[in-house]
Amino acid sequence: MGLRFHNTLTRSVEPFVPLRAGEVGLYTCGPTVYDYAHIGNFRTYLWEDLLRRHLELRGCKVTQVMNLTDVDDKTIAGALRTGRPLDDYTKTYIDAFFEDLDALGIQRAALYPRATRHVPEMNAMMERLQRKGHLYESKGSIYFRIDTFPAYGRLSGLDPDSAAAGQARIDADEYDKDNPRDFAVWKMRKGEEPFWESPFGAGRPGWHLECSAMSIKYLGETFDIHTGGVDNIFPHHENEIAQSEAATGQPFVRTWMHAAHLIVDGEKMSKSKGNFHTLRDLMAKGYRPRPIRYLLLSAHYRKQLNFTFEGLSQAEASLCRLDDLADRLGRTPLGEGRSDLSDRAERTRGEMLEGLDSDLNTAAALGPLFDLVRDAHTALDAGTARAADAVAVREALALFERVFGIRLGPDACLDADIEALIERRQQARASRDWAAADAIRRELAERGIVLEDTPQGVRWKRKGA
Ligand SMILES: [Zn+2]
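Take the sequence shown: its letter number 191 is residue 193 in this note's numbering, and every next letter is one higher.
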């Protein structure tokens with residue numbers, strides 16, 4: 003049936019057809035570089051990475067552009083607080099962001115344009131908007147007049163007069179608007195804040211304007227896909243559409259895609275609740291990026307994902323089960339020919355592709371894969387697997403590796419993974435979570451790991467080793 007994606011603009015799953023055959027322009031809203039990114043951010047960035055890998059698997063050449071918001075209220079506050087120049091302050095978090103991307107195996111975008119390096123492009127867009135009567139000045143700042151763009155609210159489905167829309171005006175800089183729904187495109191220079199000279203006076207750009215100006219510069223006035231988290235839909239993406247379409251007179255983005263929230267232990271992540279995790283926090287606790295990547299990709303992106311440490315242990319165990327199969331297929335001598343398992347594996351591969359084609363439903367792709375993994379282990383145990391079966395099963399595993407961006411194999415599941423699982427089991431026992439402890443013991447047993455309690459702590463060995 004081909005690729006189908008959910009388009010926030012039409013609220014439906016639609017066939018995806020790129021503007022130019024075989025080429026996809028993809029704009030993914032990037033981080034505001036005032037702090038380390040958290041796992042909720044990475045859920046979105048990982049899903050975008052999977053989107054790109056799947057488009058590439060389906061033969062598209064993808065040009066991905068991700069902005070870095072390196073000037074806004076938060077970056078400026080951080081720079082002023084630490085007494086560092088803005089560029090110096092944001093460099094710390096830009097460098098950290100790229101380190102985190104690499105740790106998680108996220109492919110680099112073609113371009114990472116920075117807001118502070120695109121002020122002339124933003125001013126040019128403002129001049130276009132001004133000529134067409136969409137802007138007004140108030141106390142030195144420049145605002146977009148929403149009444150001049152009748153399609154406003156189409157993406158979010160939000161009544162522009164609603165209370166939620168009114169919320170958007172809570173911004174100390176914006177008390178002088180004609181209409182609370184209007185938003186700033188250029189903020190007047192204030193106090194010691196960094197500023198840029200422009201035909202509109204000294205100041206700095208509004209957040210929404212950077213994404214409009216930079217996406218159009220690198221991907222054209224109309225491009226294929228724009229993504230972000232659901233929290234970007236309003237006001238950020240709504241405002242991007244208003245500015246872009248008002249300036250160019252062209253449709254801005256054909257398909258808008260948004261990832262649902264990540265919650266932790268059933269609650270919204272927040273620093274005050276102690277359930278706020280950056281990638282660095284998790285790695286410092288001994289978790290490895292591979293299971294984090296897997297866990298964050300394993301649920302369909304439009305469903306809320308509940309992150310728990312138990313889920314992370316299960317993710318490690320699931321990956322190790324795939325590793326074990328890849329390992330067994332590589333070293334078990336098999337007779338000539340094929341059995342039912344070959345057909346089974348080919349069918350599974352088809353089901354995985356169908357799940358991914360269908361709005362990147364990763365959960366629908368993983369279910370059949372793990373059924374196949376179980377059956378393949380059974381066939382290997384029973385001695386009924388044949389050489390052609392191994393090839394067919396390996397192809398299903400290779401599809402997983404390619405789209406999920408996770409390498410499998412005997413050396414991928416290291417002693418460190420096993421030790422991490424044992425440590426998780428100890429923690430579960432210490433907190434009297436017997437169900438979790440048992441689940442981990444079973445996972446380890448399935449992987450041929452034998453545990454032995456000794457006065458010095460838990461020891462482990464591989465069965466038969
Ligand atoms: Zn953006």
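Note that beta-carbon positions come from the ideal geometry of N, C-alpha and C, so glycine has one too.
Check residue i in the structure and name its three-state DSSP category.
| i | result |
| --- | --- |
| K192 | coil |
| M271 | coil |
| I408 | coil |
| S315 | helix |
| G107 | coil |
| Q66 | strand |
| E153 | Per the sequence shown, the amino acid found at residue 153 is Ala instead of Glu. If DSSP states are grouped into helix, strand and coil, A153 belongs with coil. |
| M216 | helix |
| G455 | Correcting the residue type first, residue 455 is Asp in the shown sequence and not Gly. D455 falls in the strand class under three-state DSSP. |
| N181 | coil |
| Y303 | coil |
| G352 | helix |
| N308 | strand |
| G42 | helix |
| R449 | coil |
| G369 | helix |
| N9 | strand |
| A186 | strand |
| P253 | coil |
| P293 | helix |
| F100 | helix |
| P87 | coil |
| H263 | coil |
| S433 | coil |
| R206 | strand |
| H228 | strand |
| G27 | strand |
| K141 | coil |
| E16 | strand |
| G337 | strand |
| S344 | helix |
| T386 | coil |
| D175 | Residue confidence is low: D175 scores 48 on pLDDT, short of 50, so the model does not pin down where it sits. Its coordinate-derived value is still stated next. Three-state result, D175: helix. |
| F236 | helix |
| R60 | coil |
| F402 | helix |
| K463 | strand |
| S360 | strand |
| L52 | helix |
Does the Cβ of residue i lie closer than 7 Å to at least one heavy atom of ligand 3?
| i | result |
| --- | --- |
| V73 | By its list of ligands, the structure shown excludes ligand 3, since it contains just ligand 1. |
For residue i, count neighbouring C-beta atoms within 10 Å of its own C-beta (all shown protein chains included) and say buried if the count is 16 or more, exposed if not.
| i | result |
| --- | --- |
| M3 | exposed |
| V15 | exposed |
| K305 | exposed |
| D455 | exposed |
| L314 | buried |
| D90 | exposed |
| D226 | buried |
| A204 | exposed |
| L401 | buried |
| S143 | buried |
| F44 | buried |
| F372 | exposed |
| Q316 | buried |
| N363 | buried |
Any beta carbon from chain C within less than 8 Å of residue i's own beta carbon?
| i | result |
| --- | --- |
| L106 | Chain labels in this structure do not include chain C; a single protein chain is all it has. |
Open item on the list: Beta-carbon distances below 5 Å to any heavy atom of ligand 1 define the shell here; list its residues in chain order, please.
Closed with: C31 and C213
The stretch 62-70 / the stretch 21-31 touching (three or more Cβ pairs under 8 Å)
yes
(Q) With a threshold of 8 Å, are at least 3 pairs of Cβ atoms found where one atom belongs to the stretch 176-192 and the other to the stretch 104-113? (A) Contact between the stretch 176-192 and the stretch 104-113 is absent: fewer than 3 CB-CB pairs across the two stretches fall below 8 Å.
Just checking, does the stretch 38-51 make contact with the stretch 6-13 on the three C-beta pairs under 8 Å criterion?
-> no
The stretch 30-37 / the stretch 284-297 touching (three or more Cβ pairs under 8 Å):
no
Are three or more beta carbon pairs between the stretch 316-326 and the stretch 430-450 nearer than 8 Å? The stretch 316-326, when compared against the stretch 430-450, does touch it at the 8 Å Cβ threshold.
Given 8 Å, three or more beta-carbon pairs between the stretch 379-397 and the stretch 339-353: yes
message: Under 8 Å: do the stretch 249-263 and the stretch 122-140 share three or more Cβ pairs, one atom per stretch?
response: Yes: the two stretches touch, three or more of their Cβ pairs being nearer than 8 Å.
_Does the stretch 261-275 come into contact with the stretch 295-312, if we say contact requires no fewer than three beta-carbon pairs (one atom in each stretch) closer than 8 Å?_
yes
The stretch 213-229 touching the stretch 238-248, judged by at least three CB pairs closer than 8 Å: The answer is yes - the stretch 238-248 touches the stretch 213-229, with three or more Cβ pairs under 8 Å.
I want to know whether the stretch 254-263 touches the stretch 230-237 - three or more CB-CB distances under 8 Å. yes
key: At least 3 beta-carbon pairs within less than 8 Å: the stretch 72-82 vs the stretch 361-376   = No, the stretch 72-82 is not in contact with the stretch 361-376.
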